[in-house]
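So the structure is just underneath, and the comments pick up after that.
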RNA sequence: GUGGCCAUAGUUCAGUUGGUUAGAACGCCAGGUUGUGGCCCUGGAGGCCGUGGGUUCAAGUCCCACUGGCCACCCCA
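Residue numbers (my numbering): 13 to 428.
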């Protein structure tokens, strides 16, 4: 084969694009109902934006970014996630000056150079939302409720919501020290991966998939027991809201997010139907990010969800939306002269807003009927010399098989 | 980045201990119906057997490398 798509990238082809249209329309509709407005940022940014927001030491920045130098010798990176760009746009365009709470959402591709596997691609798609400007736990609750609502409206039932608080600049460093001290005591018994993580990211040791590690760390302290008064109050309030929203959740003090910028609330939605990469969506609060990126100190909360993973679950359920593009009418023609008429009429009707298809292969009537069937056309109009002469033709309802002779100039009326 | 499995028509797959013209189903095209879809019947087109090298009289089949896919680790959406 001459050219192939880049490893870890995929073509999304017609029957499947209908599913994407459906999912995107549901997602947009829910966002709009929650009064979030769409923001579209460039898919590439200065490398430093991601390095500073996501964190130099994270895997994403350390080894997964698509980074290159452009012809002006600037370091450019394809966005690995959405929040950094949104906050950059928020600061750059002074969005906070027009209103105190800015609520935006995005849908689009993200890029990470990882080894592809089930539910993991190098170009993948996310939808997500950010609420920038409020410290209130009500906003955290709204974001979570909105996330859940989207999955509900897609008739997805089998997921689990895990929530936690990762603390703030006051309580997290404290806890990190306590945990590291505990972990160092048993370091020798831990897996090599976990030993490395003790210094790099101790919270992740608690999340290890290694059975032995899990046993050894079962009684280790968790952050949710070591929050400062303010973080604890915030977390309690969030839990109350979720309960009042009738949203079931489990508190998982070991929940870790892959990005450094999170403070207080962290949450994750997982699906048991996904295999190893089971996170459907994740998010949390990032009260320090805006000032870290050079803006006025402004709190924020957000989430992001993987569209391909959502598709995997929908496919597993056998979900198949009705074809979103199908002609209202197919004009079948019996000969060259009527074909000319049918093409001209097709263009006319289309300009009037009617979805029409005709024969463009000069095929037999039978083949045209087959084509109309394949396209799931609602009606077929059969025209030939006779019809052009008499001004009346047969209109066939493809679902019922019913045929009626109608005057050609009444075709618009018949279709409406 | 590491590991395991895999790579044959458009698609999903068969292909005996290496042995003549590589098969099926579905899909596609045409005919059965000289102006009518779906079901049925008949016929047809369509394969450098992932790429490169090696072993052999002989390779889709065995060996090696590469590329790609799948799955897992890592990490995450």
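We treat Cβ as the ideally placed atom computed from N, Cα and C, and that holds for glycine.
Membership of residue 121 in the beta strand (DSSP E) is indicated by the continuous run 114–123. Inter-residue distance for residue 290 and residue 340 is about 41 Å (C-alpha atoms, whole angstroms). For the 8 Å CB-CB criterion, residue 222 and residue 203 form a contact. For residue 233, the secondary structure class from DSSP, reduced to helix, strand or coil, is coil. Going by DSSP, residue 395 is part of the beta strand (DSSP E) stretching over 391–395. For residue 44, no pairing in a beta bridge is given by DSSP. Residue 92 and residue 56 do not touch by the CB rule: their CB atoms are close to 11 Å apart, not below 8 Å.
Between the beta-carbon of residue 253 and that of residue 150 there is about 7 Å, and that keeps the pair under the 8 Å contact cut. The shortest CA-to-CA distance from residue 141 to any of 153, 200 and 159 is the one to 159. In the structure shown, the three-state DSSP call for residue 263 is strand. Along the region 64–133, the beta strand (DSSP E) occurs as fully enclosed runs of 3 or more residues at 78–81, 87–90 and 114–123, listed in sequence order. Of all C-beta pairs linking the region 358–367 to the region 394–413, fewer than three are shorter than 8 Å, placing the two stretches out of contact. Less than 8 Å separates the beta-carbon of residue 267 from that of residue 174. Apart from sequence neighbours up to five positions away, the residues of its chain that approach residue 353 with a beta-carbon distance below 8 Å are 345, 395 and 400, ordered along the chain. At least 8 Å separates the beta-carbon of residue 428 from that of residue 276. Closest in alpha carbon position to residue 70, among 131, 216 and 155, is 216. Judged by DSSP secondary structure, residue 407 falls outside any alpha helix (DSSP H) and instead within the beta strand (DSSP E) spanning 404–409. In this structure, the beta-carbon distance from residue 279 to residue 238 does not fall below 8 Å. Residue 48 has its alpha-carbon roughly 20 Å from the corresponding atom of residue 250.
Annotation: residue 193 is outside any beta strand (DSSP E); the continuous alpha helix (DSSP H) that includes it extends over 184–198. Residue pairing by DSSP places residue 282 opposite 172 and 291 in a beta bridge.
Going by beta carbons, residue 406 and residue 295 fall outside the 8 Å limit. The C-alpha of residue 38 is placed about 22 Å away from the C-alpha of residue 98. Comparing C-alpha distances from residue 54 to each of 77, 94 and 164 shows the shortest one belongs to 94. Taking C-beta atoms as the reference points, residue 302 and residue 103 count as a pair closer than 8 Å.
Rounded to the nearest whole angstrom, the CA to CA distance from residue 110 to residue 304 is 21 Å. Annotation for residue 416: the continuous beta strand (DSSP E) segment containing it runs 415–419. Around residue 370, the same chain offers 343, 354, 355 and 358 as residues with beta carbons nearer than 6 Å, after the five sequence neighbours per side are excluded.
At a Cβ-Cβ threshold of 8 Å, residue 381 and residue 368 do not count as neighbours.
At the C-beta level, residue 286 and residue 324 come within 8 Å of one another. DSSP places residue 146 outside both helix and strand once states are collapsed to three, so it counts as coil.
For residue 137, the pairing in a beta bridge is given by DSSP as 121.
Counting other Cβ atoms within 10 Å of its Cβ, residue 136 reaches 16 or more and is therefore classed as buried. Scanning its chain for C-beta atoms nearer than 6 Å, with the 5 sequence neighbours on each side dropped, one finds around residue 307 the residues 103, in chain order. Counting along the chain, residue 426 sits inside the alpha helix (DSSP H) bounded by residues 423–427. Between residue 179 and residue 243 a beta carbon distance of about 5 Å is seen, short of the 8 Å cut, so the two are scored as contacting.
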